[in-house]
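Working notes for the structure below.
Protein chains: 2
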Amino acid sequence: MSGLLIKNCRIFSLTERTGETISYKNGAVGIAGNRIVYVGNDPDAIVRFEREHGTGLEVLDAHGMLLMPGLINLHNHVAMTLMRGYANDMELQSWLTEKIWPFEAKLLPEDVSRGAALGIAEMLLGGTTTFADMYWHTDQIIEQAIRSGVRMVACPAFTEHVFDGYLDRMEQMVGRYHGAAAGRIAVWIAPHAPYTCRPEQIRESLSLCRKYDIGVHIHLSETASEVKTVQEHYGQTPIRLMQELGVFDYRTLAAHCVYPTDEELEILRNDHVTVVYNPQSNMKLASGIAPISRMLAQGINVCMGTDGPSSNNDLDMWDEMRTGALLQKVSTGDPRSLPAETVLRMVTVDAAKAIGHAGELGVVAEGALADLILIDLDQPHLTPDYDLMSNLVYCARGADVDTVLIDGQVVVRAKRLVTLDFETIKQEVDQTLQNLAQRA
Amino acid sequence: MSGLLIKNCRIFSLTERTGETISYKNGAVGIAGNRIVYVGNDPDAIVRFEREHGTGLEVLDAHGMLLMPGLINLHNHVAMTLMRGYANDMELQSWLTEKIWPFEAKLLPEDVSRGAALGIAEMLLGGTTTFADMYWHTDQIIEQAIRSGVRMVACPAFTEHVFDGYLDRMEQMVGRYHGAAAGRIAVWIAPHAPYTCRPEQIRESLSLCRKYDIGVHIHLSETASEVKTVQEHYGQTPIRLMQELGVFDYRTLAAHCVYPTDEELEILRNDHVTVVYNPQSNMKLASGIAPISRMLAQGINVCMGTDGPSSNNDLDMWDEMRTGALLQKVSTGDPRSLPAETVLRMVTVDAAKAIGHAGELGVVAEGALADLILIDLDQPHLTPDYDLMSNLVYCARGADVDTVLIDGQVVVRAKRLVTLDFETIKQEVDQTLQNLAQRA
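These protein sequences, in sequence, are chains P and R.
Under this note's numbering, the residues of the first sequence are numbered 1 to 440, in order.
Under this note's numbering, the residues of the second sequence are numbered 1001 to 1440, in order.
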């Protein structure tokens, strides 16, 4: 089994227990295959690890770097890189009906594949090691995820107009990809939203969760107009309606939740629903401000996502953490809202828990999967070093990530992609955009 | 006179006229001394420029890069890098009285000098070429600015407790530094804020503006509690009070302006006051959301600043532009608020106008000062390229800046500092922090 030793680095990780951290000023991490087998600073243990792995051992001197868990982005539409900057500063309905939907209607599977490659390249360079994605032509995105080495919860979407054959397609998708790439790929269902799917379709789709023990990814209570529409059609608020349909009987990623009622907050907590906070998208589209501080106070599991790159417009989780924390402070009027440690927890340990990898992802611990990143700390904007968590949340950015490992494999080294080639991706995206321009 | 030719690059700049841009897909900029003497893509003109400058000409091939104006940060306390991450997620009054003020009370001139060097290094790497700074021991900061090559509006601050001798100190400071370094340094007065200075002190300090034709930099209407305090003491709202004292008879940078009344918005417009929007600081300290969209609609000149790095916590103007735009959209409920072009205008042409450099800074134009940056566009998060301004505001970040010129001098090359040495700065900051820890 291949071995990798990362040494001479600072190590930092939260753990599942609030307030507990794993921290070494000058430590080492030993990796065998796809797992972490040693974390610490005991010279004898490090020598033992080196000896056990003999000449096949790769050693990475990470002097001046911080080793921490890779970041987890729980709401994305990664192929929408194709629409990055395509439409901005527009009112939501015009944005969707005049720009985004007509563009998407022309997308072929190969376009989605190319857009996904571009977005995955961006995520890897920025230290995101796992993402949950909701889109169409999901097999194309999964193939790119497999090729790139990233970890993915793939969630093929349906709306009321494209539900025909969804169950059959999902049976095939789950059979082919759920657990693929040594477990890096999971497949979940994705009813697009309460206002775009019919209740009976959502109920039917849940049969897949029952049968395969998979979860649900859904847009929920994103805008005031969604809440109004759902209430008018079904006499229920969206979160309440989803509960009644049985969605929350399964592991659920509920993206947005900007407008939950008090009753719905209770439901989210009692049913162990994970809320995915997408501050930059909610701000850019003027959807509103999710009451994250209240959710956390009530014990709801809150994680974070970038949403798609056409409404963000990037896939940088550092930016998302920072903006998300700042937005809660100003909107609650309390600078103590959403402190740095809580934000880091949302993108690591709490996100791992949300997708069924508690203790295995989002931590630097013996036995955990080796999804790790190295941050170059030796830069002006990360100096001085009073408070590492504060510097990570309020100052760090994607470009500070030097090295990325996923499942024990190096996918970014010295800020360069290892498994993907950006020049090829860029040429293919250019070709796709030319093709799209010619398509009626 | 030294010559520099930057060629094979994309060029983009706004101009003073709204809606007008200077744009070349593949152009060149010729610089003689500290001024731009050629902008365009005419091969004959480029050859002529090369011939005129002969063998002394430096040629920079900027293939794949964007050349644009350097960014202008109009509200900073740059030496507060020393307190970056020192106190976070705290209530404002505790933050000030328990952490920031006791720390600042121990600062000696050499500490401020070192903190300034660190912050200037960070700004240069992120493409900020001019900054307005308000602090103490300003001569130390100016010396670092001169050494580093950055352009600076230096604003020595006073409060009611440190006004003794201010006028004399300022006379000396203006005499020594106003217009220094070939005009890179300006010196303005800085009454700290309406609630920390006495009205008669502010009035007295304005004699310097009259005598030397210099401007005013002030914190104004930053928090609800400031407005309340000022109203209780003086029976006036802060902006109104400053007008009555005559502050706005001079060029004024009014930082924050979170709580202007309708009447005060009129004053800001009629008196040509520049409002400096500091979204990240206002969010982090939960001060509130400045009504920037309303100000712009009324024709007020609005620019941007990072505020000090202890309340931000970085000096990245890209981050500030993005967050500032997103915050206006979500707070007005209108995604069309503060579009990308307006934000870029605020940190370039409108900022140049605010400090008396209209047409000379913030533009890529023949005759303008050569304060320019090159951005590495060939990256996943800046691909595809539908809309350059959108990509710059919503996706770009400090780390995308490859080269920085100020006053015709290269201060950052290939993402490395030329005029400063970060390792030395870091060692000196470490030493300062150790000294501070030992000081009672």
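Yeah, the Cβ is synthetic: ideal placement off N, Cα and C, and Gly gets one too.
Could you please give the first and the last residue of the uninterrupted beta strand (DSSP E) stretch that includes residue i?
i, result
"C9 of chain P", "3-14"
"L1167 of chain R", "Run containing L1167 of chain R: none in the beta strand (DSSP E); it sits in the alpha helix (DSSP H), 1166-1177."
"F49 of chain P", "First-last for F49 of chain P: 43-53, but that is the alpha helix (DSSP H), not the beta strand (DSSP E)."
"Q280 of chain P", "Not the beta strand (DSSP E): Q280 of chain P falls in the alpha helix (DSSP H), residues 279-284."
"F248 of chain P", "Note, F248 of chain P: premise wrong, no beta strand (DSSP E); not H, not E."
"K1099 of chain R", "Segment: none, K1099 of chain R is in no beta strand (DSSP E) and carries neither H nor E."
"M1068 of chain R", "1065-1069"
"Q1409 of chain R", "1409-1413"
"R35 of chain P", "35-40"
"D314 of chain P", "Looking at the DSSP string, D314 of chain P is not in any beta strand (DSSP E), and its letter there is neither H nor E."
"V1162 of chain R", "That residue, V1162 of chain R, is in no beta strand (DSSP E); it is neither H nor E in DSSP."
"V59 of chain P", "57-61"
From the beta carbon of residue i, is the nearest beta carbon of chain R less than 8 Å away?
i, result
"F103 of chain P", "no"
"C395 of chain P", "yes"
"G19 of chain P", "no"
"G40 of chain P", "no"
"D334 of chain P", "yes"
"K426 of chain P", "yes"
"D407 of chain P", "no"
"M523 of chain P", "No answer is possible for residue 523 of chain P: it lies beyond the span of chain P, which begins at 1 and ends at 440."
"P339 of chain P", "yes"
"L125 of chain P", "yes"
"N313 of chain P", "yes"
"D249 of chain P", "no"
"E122 of chain P", "yes"
"V418 of chain P", "no"
"M90 of chain P", "yes"
"G288 of chain P", "yes"
Kindly indicate which three-state DSSP category residue i falls into: helix, strand or coil?
i, result
"S113 of chain P", "helix"
"P335 of chain P", "coil"
"L296 of chain P", "helix"
"L1361 of chain R", "coil"
"T130 of chain P", "strand"
"I355 of chain P", "coil"
"C155 of chain P", "strand"
"T1403 of chain R", "strand"
"R1184 of chain R", "coil"
"N1076 of chain R", "strand"
"L241 of chain P", "helix"
"D1271 of chain R", "coil"
"D1376 of chain R", "strand"
"P191 of chain P", "strand"
"L107 of chain P", "coil"
"L369 of chain P", "strand"
"D1385 of chain R", "coil"
"R1017 of chain R", "coil"
"Y1259 of chain R", "coil"
Tell me, please, whether the CB atom of residue i is closer than 8 Å to any CB atom in chain P?
i, result
"Y1086 of chain R", "yes"
"F1049 of chain R", "no"
"E1222 of chain R", "no"
"T1323 of chain R", "yes"
"A1437 of chain R", "no"
"D1316 of chain R", "yes"
Please report the residue range of the alpha helix (DSSP H) in which residue i lies.
i, result
"R198 of chain P", "No alpha helix (DSSP H) contains R198 of chain P, which DSSP labels as neither H nor E."
"N435 of chain P", "422-438"
"T1021 of chain R", "It is not in any alpha helix (DSSP H) - T1021 of chain R instead sits in the beta strand (DSSP E) that spans 1021-1032."
"Y1234 of chain R", "1224-1234"
"D1139 of chain R", "1138-1148"
"E341 of chain P", "340-347"
Regarding residue i and the ligand FMN, is the C-beta to nearest heavy atom distance less than 7 Å?
i, result
"D133 of chain P", "The model on display carries no ligand, and the ligand FMN is accordingly not part of it."
Bridge partners of residue i, per DSSP?
i, result
"M1304 of chain R", "R:Y1277"
"T958 of chain R", "Examination of residue 958 of chain R is not possible in this model, given that chain R is present from 1001 through 1440 alone."
Near-chain R residues of the stretch 376-392 of chain P - C-beta to any C-beta below 7 Å: For the stretch 376-392 of chain P, the set of residues with a beta-carbon nearer than 7 Å to any beta-carbon of chain R comprises P380, H381, T383, P384, Y386, D387, S390, N391, in chain order.
Chain-ordered residues of the stretch 1128-1152 of chain R with a beta carbon less than 7 Å from chain P: The stretch 1128-1152 of chain R vs chain P, Cβ under 7 Å: nothing.
Short-range partners of chain R found in the stretch 257-283 of chain P, where Cβ spacing is below 7 Å: Answer in chain order: Q280, N282, M283.
Contacting positions in the stretch 344-378 of chain P - beta carbon closer than 8 Å to chain R: Result list: D378.
Interfacial residues, the stretch 1224-1241 of chain R to chain P, with Cβ spacing under 8 Å: Answer set for the stretch 1224-1241 of chain R: empty.
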